[in-house]
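All remarks here apply to the structure that follows.
There are 2 protein chains.
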Amino acid sequence: MNFPLLRLHLEVASKNIKLMAKKAKDSNVEFRPHFKTHQSRMIGELFKAEGVKAITVSSVEMADFFIDDGWNDITIAFPVDIRKMERLNELSSKAKIHIITDQLESLSILDKRSDHQIGVYLELDPGYGRSGVDYSRRDTISKFIEKVNKAKNLDLSGFYMHAGYTYQCKSKEEIEERILPVLSELKDIKQIYNIPICFGDTPSCSVLDDFGVVDQISPGNFVFYDWMQFKIGSCTKEDIAVSMECPVTAIYPDRNELVIHGGAIHFSKDYIFDESGNKVFGVLYAVNGVKVSGERNYLKALSQEHGILKADKDLISQIRIGDIVSIYPIHSCLTANLMGKYIDDSDNYYDHFSRSYLK
Amino acid sequence: MNFPLLRLHLEVASKNIKLMAKKAKDSNVEFRPHFKTHQSRMIGELFKAEGVKAITVSSVEMADFFIDDGWNDITIAFPVDIRKMERLNELSSKAKIHIITDQLESLSILDKRSDHQIGVYLELDPGYGRSGVDYSRRDTISKFIEKVNKAKNLDLSGFYMHAGYTYQCKSKEEIEERILPVLSELKDIKQIYNIPICFGDTPSCSVLDDFGVVDQISPGNFVFYDWMQFKIGSCTKEDIAVSMECPVTAIYPDRNELVIHGGAIHFSKDYIFDESGNKVFGVLYAVNGVKVSGERNYLKALSQEHGILKADKDLISQIRIGDIVSIYPIHSCLTANLMGKYIDDSDNYYDHFSRSYLK
């Protein structure tokens, strides 16, 4: 094996997918999973097996990648880039494409230059402040809907929203506390406009059992989860379906530190703070396949290729040069994008968009 | 053009290379540039034109990539991974390979399993605390050198060191203040061991005119520089040779913010703090090719594909959907690795290891 590598624990990912698919079915919402986390056609097959028919992606190119694999109902969940009209026209000749936007100017250009019917989700902002119309501004919402309804080449797919602030939560209870008022506001919105509502950050979708008036969910990260999601309260450690495997290349017993081959170009620079205020770029959970308990062994710093692992004195004394440490990534989406492929527990290869799509 | 893209300002990169090559020549030190920043065979040609014969890389695979392009004297400047012996043997049959380490165990394994002579740099740590032997520990240094000298398949290339703390500096003066005591300590070390010393973080190499007893320099970032290096005091804004070009996909005049297509998978999550304590993930310098002055327009947040650009009210009012913003990256090494290719100002393509090497 060529280390560092990104290990895919397939049975965990399968279980995560099955559970979310079941929850969607039980809650009577359409499951339109976001594929931006795994970005893999091979993992996409696991969703097909659960009866998933429609997916969500984060770029025009990623839509193309999955259309080539037979997916034919795709939301490109990023404020539409009107410079990509040619590509959008090409894609919408092959599949039902939905875009999202909240920009009236984008709508005009889209309508003028579309060769095929394109579905439009109006992005609503539930107070996150990234993109979308503030969902309390009914006048703006109405104006937008009116414009889509008048457009020749556009049809209204519904509302799309991402309550990204659940990523700041620290428990299941806190997630519910943040998201229940949103569901309540959506009830009003549904009453007025009566169009589908698509909703779906991983923390909310993992924690909620009742999605209220929501019609569709599109979580993505849940397929793998990661250390951040565990700390948010979305999952248990056992639900994390990917881990980095990195060789130990230097040992510093005086500092209680190891250098591993695994840096910013493998993990990404995303981090969280632990309870003591230390930056944590990843958490050790096994050495040469043998589990290590606790959270005290963690990546304290990353440079381009180096990872600095802070570890217990006892553990350090048992580790040898060339040992393989298994580490939970902080943010699996970014780690998977950087690694560009997966190796499962039986050493089978799984593709990832970022390495296999070179159009 | 397919945006976001990484623009290479070739004449600026060429000038940076020429200047550093000239400085090395004038200072009578060997220039062994680090290729981990650009990772491009095509940019490698600019170094060949300056008479550069030996290079530095950060992984075995990257060494392979450049050997295939005719480079035959390469330092792999990462604590040697003894799991890659097979690959190392293959490479050292084709080129002179130097590795770095400070681990006695790695030396033993290396000596035992090498098919060809491998050069060994002992990594010294000038108080940075990442890897290397603390350079004040003469006993450990002597023991290591003795071991290399006794080894059958190893020869001593010299000392290698990276004074990474210069990345924390905020001015030319501060860099000098940090690095002059290091040069003074190296004078003593040189007197005792009298073997080559290779040295070379970009801030020091950019600022120093006299490298003292140092024999070789191996800076990497200087080829492009970036916003971080400008803030450190290593370069001017005009010396930055790469920029991200991203389309505007949403405009929020109420918030003085834009959403651009350009996120963590394009820029990386590296940031610096500005004078007011804001996180800065990139700094705007042009809109549709027209320069914008000042530093007040900056990327305040990145998610996977989204960038949130905070900008002056006046500027926002002039920007339209689909406009292209040019942004200085914070850390060009990580941005280049993620983007995987360059487009120069005449729209020519330049390769990057991370996309073109798929062995």
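Chain order of the listed sequences is A and B.
Position in the first sequence counted from 1, then plus 3, gives you our numbering.
Position in the second sequence counted from 1, then plus 3, gives you our numbering.
All residues carry an ideal CB built from backbone N, CA and C; glycine is no exception.
A quick note: this is a predicted structure, and the numbers were derived from the prediction, not measured.
*Near B:Y353, which residues of its chain fall below 8 Å by C-beta distance, leaving aside the five closest residues on each side in sequence?*
L11, S43, M45, I46, K344, Y345, I346, D347
*Inspect the CB distances between the region 239 to 257 of chain A and the region 60 to 71 of chain A and report whether three or more fall short of 8 Å.*
no
*Where A:S17 and A:N152 are concerned, what is the direct C-alpha to C-alpha distance, given to the nearest angstrom?*
The alpha-carbon of A:S17 is positioned some 40 Å away from that of A:N152.
*How is A:K294 classed by DSSP in three states: helix, strand or coil?*
strand
*At a cut of 8 Å, does the region 113 to 121 of chain B reach the region 132 to 147 of chain B through at least three beta carbon pairs?*
no
*Mind checking if B:H264 is an interface residue toward chain A, Cβ cutoff 8 Å exclusive?*
yes
*Can a CB atom of chain A be found closer than 8 Å to the CB of B:C336?*
The beta-carbon of B:C336 is placed less than 8 Å from the nearest beta-carbon of chain A.
*Mind checking B:G265: buried by the 16 CB within 10 Å criterion, or exposed?*
Buried, since its Cβ has 16 or more Cβ neighbours within 10 Å.
_Contacts of A:N340 in chain B (Cβ-Cβ under 7 Å)_ = I268
*What are the start and end residues of the alpha helix (DSSP H) that includes A:D142?*
141 to 153 is the extent of the alpha helix (DSSP H) around A:D142.
*In chain A, which residues lie with their C-beta within 7 Å of the C-beta of B:E308?*
Neighbours of B:E308 in chain A, taken as residues at a C-beta separation under 7 Å, are given in chain order as S61, S62, F81.
*Identify the contact partners of B:P250 in chain A, using a Cβ-Cβ distance below 7 Å as the criterion.*
D84, R86
*asked:* For a quick check, are the C-beta atoms of B:S335 and B:F227 less than 8 Å apart?
replied: Yes; because the gap between Cβ atoms is below 8 Å, this pair is in contact.
*Count the C-beta pairs between the region 219 to 235 of chain A and the region 168 to 177 of chain A that are closer than 8 Å, then say yes if the count reaches three, no if not.*
yes
*asked:* If distances are taken between C-alpha atoms only, which option among B:P7, B:L91, B:R86, B:S160 comes closest to B:Y124?
replied: B:S160
_Beta-carbon separation (whole angstroms), A:I58 vs A:I70, contact threshold 8 Å_ = At roughly 10 Å, the Cβ-Cβ gap does not stay under 8 Å, so A:I58 and A:I70 are not in contact.
*Which of helix, strand or coil does DSSP assign to A:G167?*
helix
*asked:* Strictly under 8 Å for the Cβ-Cβ distance: is A:I182 near chain B by that measure?
replied: No, A:I182 does not count as interfacial toward chain B.
*Mapping DSSP to helix, strand and coil, what is A:Y131?*
coil
_Contained alpha helix (DSSP H) runs [length at least 4] in the region 235 to 285 of chain A, N- to C-terminal order_ = 267 to 270
*Does the distance from the C-beta atom of B:Q307 to that of B:A267 stay below 8 Å?*
yes
*Specify, as a first and last residue, the run of the beta strand (DSSP E) that A:L302 falls within.*
301 to 305
*Determine the extent of the beta strand (DSSP E) in which A:Y80 is found, giving its start and end residues.*
Going by the sequence as given, residue 80 of chain A is Ala instead of Tyr. Taken as a continuous stretch (DSSP letters only), the beta strand (DSSP E) holding A:A80 covers 76 to 82.
_Min CB distance B:A253 to chain A below 8 Å_ = At a cut-off of 8 Å between beta carbons, B:A253 contacts chain A.
*Got a sec: does the ligand GTP put a non-hydrogen atom nearer than 7 Å to the Cβ of A:F202?*
Here there are no bound small molecules, and the ligand GTP is not part of this structure.
*Where are the beta strand (DSSP E) runs, 3 residues long or more, that stay fully inside the region 11 to 61 of chain B, in chain order?*
58 to 60
_On the criterion of 16 or more Cβ atoms from any shown chain inside 10 Å, does B:T40 qualify as buried, or is it exposed?_
buried
_Span separating the alpha-carbon of B:S296 from that of A:V283_ = 37 Å
*May I ask you to report which of helix, strand or coil DSSP gives A:C336?*
helix
_Interface partners of A:E108 on chain B, CB under 9 Å_ = I254, R323, I324, G325
*With B:I85 and A:G130 assumed to form a contact (beta carbons below 8 Å), what rounded beta-carbon distance in angstroms separates them?*
Taking 8 Å as the upper bound for CB-CB distance, B:I85 and A:G130 are not in contact here, some 52 Å apart.
*Express the C-alpha separation of A:A154 and A:T104 in angstroms, rounding to a whole number.*
15 Å
*Keeping to the same chain, check which residues put their C-beta closer than 6 Å to that of B:S30; ignore five residues upstream and five downstream.*
F214
_Short of 7 Å in beta carbon distance, which residues of its chain neighbour A:I263, apart from the five on each side in sequence? Order them along the chain._
C249, P250, V251, T252, G310, L312, V328
*Only counting runs of 4 or more residues, tell me where the alpha helix (DSSP H) segments fall wholly within the region 173 to 225 of chain B, in order along the chain.*
175 to 196, 205 to 210
*Using a cut-off of 8 Å between C-beta atoms, extract the partners of B:L361 located in chain A.*
R358
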